[in-house]
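Right, one structure below, let's go through it.
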Amino acid sequence: MALRFPSFSQGLAQDPTTRRIWFGIATAHDFESHDDITEERLYQNIFASHFGQLAIIFLWTSGNLFHVAWQGNFETWVQDPLHVRPIAHAIWDPHFGQPAVEAFTRGGALGPVNIAYSGVYQWWYTIGLRTNGDLYTGAIFLLILSIISLIAGWLHLQPKWKPSVSWFKN
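Just so it is clear: in the sequence shown, position 38 is 38 by the UniProt record's numbering, and no numbers are missing.
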């Protein structure tokens with residue numbers, strides 16, 4: 001016999017009326033009724049997923065630091081922030097024609113670039129970064145922090161390290 005919708009409730013799947021379809025749709029996101037997930041497991045999975053989110057944020061920020069140190073003009077901007085336009089990164093696109101290359105070559109760059117209008121140069125200067133070496137060091141630090149966050153998320157899915165429901169509710 002083939003399984004009928006909804007697969008999580010065979011009693012409901014045997015119902016010959018359209019009630020089974022509407023009830024299946026209504027309870028599709030009621031995980032406790034058909035996924036064997038408990039409140040405790042749900043909290044633990046959400047908690048562990050936060051470490052994954054932090055890892056993504058740290059990795060993204062690490063990439064920003066690395067690309068500005070590699071392709072930007074941070075040290076030049078530090079010397080004269082009023083007259084130097086901050087470069088986010090170079091644009092490498094084989095489809096660019098000469099007019100596009102000329103349009104995107106700005107800010108004193110030798111080739112096409114994206115200008116950083118986000119204020120990250122100013123923020124990095126405010127927190128004490130002054131050289132490309134500082135940016136590379138920050139990128140490596142955030143990459144390591146990203147790896148640690150991934151490991152922490154994985155650890156909190158292991159039985160020995162799972163927090164109890166009381167930890168979440170207190």
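We treat Cβ as the ideally placed atom computed from N, Cα and C, and that holds for glycine.
Predicted model only: the values in this text are computed from it and were never measured.
Among the options, nearest to residue i - alpha-carbon criterion
i	options	result
Gly133	Ser49, Leu42, Gly72 and Thr17	Gly72
His83	His89, Ala90 and Phe74	Phe74
Pro81	Thr126, Glu39 and Asn64	Thr126
Pro86	Asn170, Ile21, Gly11 and Asn114	Asn114
Ala116	Gln14, Arg41, Ile91 and Gln98	Ile91
Pro163	Phe23, Thr27 and Phe47	Phe47
Gln158	Arg41, Ala26 and Asp36	Arg41
His89	Asp15, Lys160 and Leu65	Leu65
Neighbourhood of residue i by C-beta, 7 Å cutoff - its chain only, sequence neighbours within 5 removed
i	result
Leu145	Phe58
Phe96	Pro112
Boundaries (first-last residue) of the alpha helix (DSSP H) holding residue i
i	result
Ala109	Here Ala109 belongs to no alpha helix (DSSP H), and DSSP marks it neither H nor E.
His156	Run containing His156: none; DSSP gives neither H nor E here.
Tyr125	Val120 to Thr126
Val84	Per DSSP, Val84 belongs to no alpha helix (DSSP H) and is neither H nor E.
Asn45	Glu39 to Gln71
Straight-line gap, residue i to residue j (C-alpha atoms, nearest Å)
i	j	result
Ser49	Ser62	20 Å
Ser118	Thr76	18 Å
Ala139	Trp70	11 Å
Ser166	Asn45	15 Å
Arg130	Thr137	12 Å
Val101	Trp60	27 Å
Ile56	Arg19	43 Å
Ile148	Leu142	10 Å
Thr105	Gln98	10 Å
Ile25	Gly52	30 Å
Ala109	His67	15 Å
Ala13	Asn170	40 Å
Tyr43	Lys160	16 Å
Pro16	Phe168	43 Å
Glu39	Gln10	24 Å
Gly128	Gln79	14 Å
Residue i: first and last residue of the uninterrupted beta strand (DSSP E) it sits in
i	result
His89	Ile87 to Ala90
Own chain partners of residue i with C-beta closer than 6 Å, once the 5 adjacent residues on each side are dropped
i	result
Leu54	Ser149
Inset, instruction - Evaluate contact between the region 114–122 and the region 152–160, counting only Cβ atoms and requiring at least three cross-stretch pairs below 8 Å. - result: The answer is no - the region 152–160 does not touch the region 114–122, with fewer than three Cβ pairs under 8 Å.
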